[in-house]
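Read through the structure below, which is laid out as structure tokens, and then see the notes.
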Amino acid sequence: MASGAAQGGTIIGHEAILALLPRLEASTLLFTGPEGVGRRTVARWYALGLNLGFPPPPLSEHPDLLEIAPKGKALRGKAELSLEEVEPLFAWLSTHPRARAKVAILDGAHLLTPPAANALLKLLEEPPAYARLILIAPSRDTLLPTLASRAVEVAFSPVPEEKLRALTEDPELLAYAKGAPGRLLRALADLEAFRARMETARALLRAGPLERLRLLKELLEEEEGFQALHTLLKDPAHLSALFRAQEALERYVSPDLVLARLALDLGV
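For the numbering used here, count along the sequence shown from 1 and bump the result up by 83.
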């Protein structure tokens, strides 16, 4: 959980959304779209705009912004947002804002545990007049219907590649980004780690079964490893195997079993 943490970030694309948000009056918004596409950056922009006017100045923090996000690593199964992690939100919203509105960004809203979702539902039914809540999830379908029905959806699409070319002309980086500025910016911030990640992905695709399994465990220790492998895979069967592995890990299936199966599938 980060209180008042509105890290500065460049918004690339999403012009229509930026024009729409200042006109919305809903107390709860649902930002959907691919990972790294810019949902969090736009959410912070919106929170600052509500309190400082649109377009807001570039600030690093604001006392009327609260961010809550799940924690977890790729090979440790799906992260969760528990009631314990969400509870500070209710006390925070019980006091009035210092400026105009208190804005809470709930990242990974699709990962709420049932107790956390039920507690949040009560808040969404009768939110304080000064409160705004932004839920971030991959899609509306991944959210509990009772929560989704109380939110206005703002759907984010991948940013066209021509806009990302302002950051780089490197074809591998652009293929890796797949329209997600956040993913591209993270790679550009540590090009050495990006190159190493891609080389590991290439090596495992050339390796035999046992070495492939070892490299999979190394690569997929972080979420970005999935994207590196996805960038290189061309065979639809291999891509399907990768997606199945991601889904299995999110269902808490044993990582050893999932990766052993994936190592075999990528060798076929």
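We put the beta carbon where it would ideally sit given N, CA and C, even for glycine.
At the C-beta level, L112 and V242 stay beyond 8 Å of one another. Counting the other CB atoms within 10 Å of its CB gives G116 a total of 16 or more, which places it among the buried residues. Counting the other CB atoms within 10 Å of its CB gives D318 a total below 16, which places it among the exposed residues. Here I188 is near R123, since their CB atoms are less than 8 Å apart. With fewer than 16 other Cβ atoms from the protein chains shown falling within 10 Å of its own Cβ, V351 counts as exposed.
Between L164 and A212, the CB-CB gap reaches or exceeds 8 Å. Burial check for P146: the Cβ neighbour count within 10 Å stays below 16, so the residue is exposed.
Annotation: the continuous alpha helix (DSSP H) that includes L103 extends over E98 to L103. Taken atom to atom, the span from the alpha-carbon of L257 to that of K300 is near 25 Å.
Boundaries for E236: no alpha helix (DSSP H) harbours it, while the beta strand (DSSP E) harbouring it runs V235 to A238, taken from the DSSP string. Look at the stretch 218-276 and you find these whole runs of alpha helix (DSSP H), each 4 residues long or longer: 228-231, 244-247, 254-260 and 264-272. Annotation: E294 to A162 spans about 28 Å, alpha carbon to alpha carbon. According to the DSSP secondary-structure assignment, I151 is paired through a beta bridge with L189.
Looking only at G291, G308 and A238, the smallest Cα-Cα distance to A270 is reached by G308.
When the beta-carbon positions are compared, A284 and L267 stay at least 8 Å from each other. The closest CA to that of R278, considering only G265, E255, L204 and E118, is found on E255. Within the same chain, Cβ atoms closer than 6 Å to the Cβ of G96 are found at V242 and K246, the five residues on either side in sequence being excluded. Here DSSP, grouped into helix, strand and coil, assigns P292 to helix. For L322, the enclosing alpha helix (DSSP H) covers residues P319 to E333. Residue environment analysis places Y259 among the buried positions, since at least 16 neighbouring C-beta atoms fall within 10 angstroms of its C-beta.
In summary, S177 is exposed, with fewer than 16 beta-carbon neighbours lying within 10 Å of its beta-carbon over all protein chains present.
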